[in-house]
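Written out below as structure tokens is the structure these notes cover.
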Amino acid sequence: MAEFHRKIERNAMGFVLAIVVVASIGGFVEIAPLFTIDDTVENVQDMRLYTPLEQAGRDIYTREGCYACHSQMIRTLRDEVERYGPYSLAVESKYDHPMLWGSKRTGPDLARIGGKYSDAWQVAHLINPRDVVPESVMPKYGWLQRNALRIDDLGEHLAALRDVGVPYTDDMIANATQDALGQAAPDGDFAAGVVKRYGQATQVRAFDGDPGTITEMDALVAYLQIMGHLTDAAYKQAAAAEPAK
Amino acid sequence: MRVGVLCSTKWGTLDMVAQLTTGERQLAIVVLSLVALLGLAMAAAGRADPIGVHGFIVLAICCGLIFVVLGAYYAPEPSPERLEHYYDDPSKVGIVLTMAWAVVGMFLGVWVASLLAWPDLTFDAAWASFGRLRPAHTSAVIFGFGGNALIATSFHVLQRTSRARLPDQFSPWFVLIGYNLFCVVAATGYFMGVTQSKEYAEPEWYADIWLVVVWVTYFAIYIRTLARRKEPHIYVANWYYMAFILVVAILHIVNNLAVPVSFGHAKSYSVFSGVQDAMVQWWYGHNAVAFFLTAGFLGMMYYYLPKRAGRPIYSYRLSIISFWGITFMYMWAGSHHLLYTALPQWVQTLGMTFSLILLVPSWASAGNALATLNGAWHKVRDDATLRFMMAAAVFYGLTTFEGSFLAIRPVNSLSHYTDWTVGHVHAGALGWVALITFGSIYCIVPWLWKRERMYSARLVEVHFWLAIIGTVIYVFAMWNSGIIQGLMWRTYNENGTLTYSFVESMVAMHPYYIARAFGGLLFLMGAIVGSYNIWMTIRGEAEVAPESADLPEPRLASAPGE
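Read top to bottom, the protein sequences are chains A and B. Its first residue numbered 30, the first sequence is counted upward by one per residue in our numbering. Its first residue numbered 16, the second sequence is counted upward by one per residue in our numbering.
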């Protein structure tokens, strides 16, 4: 072995090639099949898309680094299922570019946080977490309420997402700005449009409590409230498994 | 006769520019102007977007550097005698940058650690919130501190082990400064909220593309220097440095594939989503640990430890086994970050299996390092610099054992998502990466600046103990908090329901978070003491003649028996 190696280590380009080949095998074997094996991601019919407002909220979640303390991946362990809800399915993050599964729970998992608390609670909690959870160590995000949400370029965001595989239609891309306005102002002119394009289940509310202006708080709360509800697949699977116990 | 040497050993920016040939000075100005134009284009396209701010930052840095080059533009051509010596100016600047990033990164670390104990210890501003400071901390220590240390030492080691000078004097500067430009864009980006959210790959698309350009140049320097080598064999340290450069390139390019919203937006969307993205991300994330934080620093260890101990590497065969074992097996282990998730079971099992086998090459490396010290233990006792490297090898062995242990499914079910992982990472980052770096820097500083020794051996000793005690406090605090957290989350009472709420587990962490911040503070103090010691060594006047052996080939070729 040592003799053979003495030959390799005299040839720089040969050594470079050997490193590239040897190092590439593992990744290739583990990653490539994830794109070709069909049951890697479950096939479900009711999978919804993020609305422009929810996607904008997701981008804020990313921007503020929420993933550093909150996971979005309930593991297949009894205590996790009892604490957070049905374990996460691959399909639930099918349109998440990138995924935000996270790696650390300084705070609780958020995969199924949607609908567990009211909008008002979420807003109060984001402005000062210690007002509603005295022991919390979460940062305050008061400026979200003060910052107007940038909505003029949401169409470009949706178009980029379509380029990477999210099936947004031309109609959705063209109306992204109005749809964001509509979702945060239930009595406004654009509310009907967003429901038409994204489905009856779309939550149309003044998420930050003020229908007059569209803020970053609107977007983030809209995102938090849809988490875990893009499809019912996980809940149905959990319900189906129930009688077998 | 030694004018060239004296000139190049002086500490001064203008002297360093004067060492460049007129052609290299012109090339520097052309390249800086082009990058400045790129900055201007970003500023114009970005306008209200953070990418516009980044454009101005790039523009300002390039203009500043153009002035630096112009300051010595008309200096006389450097003496041709310089070619008889190794080119170490970029390594010197790299060492100073390493220590600067260490202090910045560790300060940010202490700050974010304190925020977890006292969440209001911040300003009512977006840039100062935990979520934005945390990637600034990780990037500043991994890429700023670690990366600069790797670049600075790799140029030093590459020339000595090849007995050849770097191929030109411009490209090493391009790599060093270009890389730091990447680090600055990354760190300032986080404060503005520019992040891809991929852990340890947070910088956005334009920074990523820039890093590829820098990295290709880095690789070219390696290959061109190796092509000029006068030593038939490529030394072990260079295997690791090459694996570091090559594999980090592969990982970086694949994991960062993304579509920007537009050329005027910092924001981009990863081409991968969901489960595939998770696998790509942790294939990247785990191997950033393997090839950035392990392979590169093993390269450092394989040169500076035997050099300082004055003993040859214990076993050539062990080096071969551990090198190819690490290169092959690490790349399979990433999926152990995703046990019990929605990732298909077969990939999880592969990840856990390879993580366990990985202990063999890891301990082969650690054992090889420690066995090299056999016969030099009295030096370890007396010389804090060598002790830094010995302790690093011990922590490397402990951390790789812990890593394999944590990859076992049932263990991982407890440890994942808890502080145990954070403790594990810091056992590696503080105990292995930082200690081997400080040890190597204490070797290299007197050599590069032609000083007899460090300014103060006592301060090296002080730094050693601050670093060791800080690391131990940190790691013990996180073991405690992680295991307690994991157990509280899964404790059931006799009624069959969960005993503790999440908030109760969080409250239980408080004392450990204080201890952790204190451990980190000690480590930061050590880095500050080290920086002072290095600065005083550089400023010191005592010039000693370079070791006769520390010269590239032209001289040695005539020496028989080499």
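Glycine residues also receive a C-beta, built at the ideal position from the N, C-alpha and C atoms.
### Cutoff 6 Å; reference ALA209(A); Cβ partners in own chain excluding five residues on either side
Translated into the one-based positions of the first sequence, residue 209(A) becomes position 180. Closer than 6 Å at Cβ, skipping near neighbours: PRO81, LEU82, ILE180 and LEU183.
### Environment of TRP480(B) [buried if 16+ CB atoms lie within 10 Å]
Residue mapping note: residue 480(B) aligns to position 465 of the second sequence, counting from 1. It counts as exposed.
### Task
Look at the Cβ atom of ALA177(A), then the Cβ atom of THR244(A), and state whether they are nearer than 8 Å.
On the first sequence, residue 177(A) is found 148 positions in, with the first residue counted as 1. On the first sequence, residue 244(A) is found 215 positions in, with the first residue counted as 1. Yes, the Cβ-Cβ distance between ALA177(A) and THR244(A) is below 8 Å.
### Contact with chain B by ARG39(A), beta-carbon distance below 8 Å
Numbered from its first residue, the first sequence carries residue 39(A) at position 10. Chain B contact via Cβ: present.
#### Entry: Neighbour-count burial assignment, CYS78(B), 16 or more Cβ in a 10 Å radius
Counting from 1 along the second sequence, the entry for residue 78(B) is found at position 63. Per the 10 Å Cβ criterion, exposed.
### Message
Using 8 Å for Cβ pairs, my map puts VAL46(B) next to VAL84(B). What's the rounded Cβ distance?
### Response
Within the second sequence, residue 46(B) is the residue found at index 31, counting from 1. Within the second sequence, residue 84(B) is the residue found at index 69, counting from 1. Their Cβ separation, rounded to whole angstroms, is 10 Å, which puts VAL46(B) and VAL84(B) out of contact at 8 Å.
#### Entry: Cut-off 8 Å between Cβ atoms - residues of its own chain near LEU42(B), not counting five sequence neighbours on either side
Within the second sequence, the letter at position 27 stands for residue 42(B). Cβ within range, chain order: PHE185.
### Query
Relative to the alpha-carbon of SER147(A), which residue among TYR252(A), SER122(A) and TYR79(A) has its alpha-carbon at the smallest distance?
On the first sequence, residue 147(A) is found 118 positions in, with the first residue counted as 1. SER147(A) has its Cα closest to that of TYR252(A), out of TYR252(A), SER122(A) and TYR79(A).
### Query
Quick one: what's got a C-beta closer than 8 Å to CYS458(B)'s C-beta in the same chain, skipping five residues either side?
Here residue 458(B) refers to the residue found at position 443 of the second sequence. Here the set comprises TYR319, LYS322, ARG323 and THR400.
### Message
Taking only three categories from DSSP, how would you classify THR135(A)?
### Response
Counted from its first residue, the first sequence places residue 135(A) at position 106. Coil, per DSSP.
### ALA449(B) versus VAL50(B) - alpha carbon distance
Numbered from 1 along the second sequence, position 434 holds the residue referred to as residue 449(B). Numbered from 1 along the second sequence, position 35 holds the residue referred to as residue 50(B). Their Cα atoms are separated by approximately 32 Å.
### Contacting residues, own chain, Cβ-Cβ under 7 Å from ILE249(B) (five flanking each side not counted)
The residue given as residue 249(B) occupies position 234 in the second sequence. Hits under 7 Å: LEU241.
### Query
Would DSSP call THR69(A) helix, strand or coil?
Numbered from its first residue, the first sequence carries residue 69(A) at position 40. Helix at THR69(A).
### Query
What is the rounded straight-line gap between the Cα of LEU176(B) and the Cα of LEU308(B)?
One-based indexing of the second sequence puts residue 176(B) at position 161. One-based indexing of the second sequence puts residue 308(B) at position 293. The question names Leu, but residue 176(B) in the sequence shown is Thr. Answer to the nearest angstrom: the Cα atoms are 22 Å apart.
### Query
Counting only beta-carbon atoms, is GLU59(A) nearer than 8 Å to chain B?
The residue you call residue 59(A) lines up with position 30 of the first sequence. Chain B contact via Cβ: present.
### Query
How about MET257(B): is its C-beta nearer than 8 Å to some C-beta of chain A?
Here residue 257(B) corresponds to residue number 242 of the second sequence, with the count starting at 1. Yes, MET257(B) counts as interfacial toward chain A.
### Task
Output yes or no for whether 8 Å exceeds the beta carbon distance between ALA155(B) and THR113(B).
Taking the second sequence and counting its residues from 1, the one referred to as residue 155(B) is at position 140. Taking the second sequence and counting its residues from 1, the one referred to as residue 113(B) is at position 98. No, they are not a contact pair.
### Message
Considering only their Cβ atoms, is the gap separating VAL362(B) from MET315(B) smaller than 8 Å?
### Response
Start at 1 with the first residue of the second sequence, and residue 315(B) comes out as number 300. Start at 1 with the first residue of the second sequence, and residue 362(B) comes out as number 347. No. Outside cutoff.
### Query
How would you write the range of the alpha helix (DSSP H) that TYR170(A) sits in, first residue to last?
Along the first sequence, read from residue 1 onward, the residue named residue 170(A) stands at position 141. TYR170(A) -> no alpha helix (DSSP H), and no H or E assigned at all.
### Query
If we count the other Cβ atoms within 10 Å of its Cβ and call it buried at 16 or more, is TYR101(B) buried or exposed?
As a working mapping, residue 101(B) is identified with position 86 in the second sequence. Looking at its Cβ environment, which holds 16 or more other Cβ atoms inside 10 Å, TYR101(B) is buried.
### Query
Taking 7 Å as the line, does the beta carbon of THR210(B) fall inside it for any heavy atom of the ligand MN?
The ligand content of the structure shown is nil, which means the ligand MN is not present either.
### Message
Quick check: the Cα distance between LEU445(B) and VAL73(A), rounded to an integer number of angstroms?
### Response
Residue numbering aside, residue 445(B) sits at position 430 when the second sequence is read from its first letter. Residue numbering aside, residue 73(A) sits at position 44 when the first sequence is read from its first letter. If I take the Cα positions, the gap works out to 46 Å.
### Query
Name the chain A residues that come within less than 8 Å of MET346(B), Cβ to Cβ?
Position 331 of the second sequence, counted from the start, is the residue given in the question as residue 346(B). Result: ALA52, SER53, ILE54, GLY55 and GLY56.
### Task
Indicate whether at least one CB of chain A lies closer than 8 Å to the CB of LEU131(B).
The residue you call residue 131(B) lines up with position 116 of the second sequence. By this cut-off, LEU131(B) is an interface position.
### Message
Judging by CA-CA distance, which residue of GLU99(B), THR342(B), HIS280(B) and PRO327(B) is the nearest neighbour of ALA310(B)?
### Response
Taking the first residue of the second sequence as 1, we reach residue 310(B) at position 295. The shortest Cα separation from ALA310(B) among GLU99(B), THR342(B), HIS280(B) and PRO327(B) belongs to THR342(B).
### Task
Ignore the nearest five residues each way along the sequence and tell me which others in ILE89(A)'s own chain have a CB closer than 8 Å to its CB.
As a position in the first sequence, residue 89(A) is number 60, starting the count at 1. Contacts found: LEU173, GLU245, ALA248, LEU249 and TYR252.
### Query
For chain A, is any of its Cβ atoms less than 8 Å away from the one on GLU577(B)?
On the second sequence, residue 577(B) is found 562 positions in, with the first residue counted as 1. Caution applies to GLU577(B), whose pLDDT of 30 falls short of 50 and renders its modelled position unreliable; the value that the coordinates give is listed next. Not closer than 8 Å to any Cβ of chain A, the Cβ of GLU577(B) fails to qualify, so no.
### Distance between VAL224(A) and GLN207(A) (C-alpha atoms, nearest Å)
Numbered from 1 along the first sequence, position 178 holds the residue referred to as residue 207(A). Numbered from 1 along the first sequence, position 195 holds the residue referred to as residue 224(A). Their Cα atoms are separated by approximately 12 Å.
### Task
Please determine, among HIS154(A), TYR96(A) and GLY171(A), the residue with the shortest C-alpha to C-alpha distance to ALA140(A).
For this step, residue 140(A) is matched to residue 111 along the first sequence. Selected option, being the one with the closest Cα: TYR96(A).
### Residues of its chain near HIS152(B), where Cβ-Cβ distance is below 7 Å and the 5 sequence neighbours each way are ignored
By 1-based counting over the second sequence, the position of residue 152(B) is 137. Within the same chain, HIS152(B) has close Cβ partners GLY120, LEU123, GLY124 and VAL127.
### Query
In chain order, what residues of the same chain lie with their CB nearer than 8 Å to the CB of VAL559(B), ignoring the 5 residues before and after it?
Locating residue 559(B) in the second sequence gives position 544, where the first residue counts as 1. Correct list, in chain order: LYS465, ARG466 and GLU467.
### Query
Just how far apart, CA to CA, sit SER212(B) and ARG134(A)?
Reading the second sequence from its first residue, position 197 is the one you call residue 212(B). Reading the first sequence from its first residue, position 105 is the one you call residue 134(A). In a straight line, the C-alpha of SER212(B) is about 16 Å away from that of ARG134(A).
### Task
Name the one or two DSSP bridge partners that LEU513(B) has.
By 1-based counting over the second sequence, the position of residue 513(B) is 498. In DSSP, LEU513(B) forms a bridge with TYR507(B).
### Query
Under 8 Å between C-beta atoms, does MET493(B) make it to chain A?
Along the second sequence, read from residue 1 onward, the residue named residue 493(B) stands at position 478. No, no contact with chain A.
### Task
Quick one: grab the DSSP three-state call for SER283(B).
Counted from its first residue, the second sequence places residue 283(B) at position 268. Strand.
### Beta-carbon neighbours of SER122(A), restricted to chain B and to distances below 9 Å
Position 93 of the first sequence, counted from the first residue, corresponds to residue 122(A). Within chain B, the residues near SER122(A) are SER288, GLY289, VAL290, ASP292, ALA293 and ALA357.
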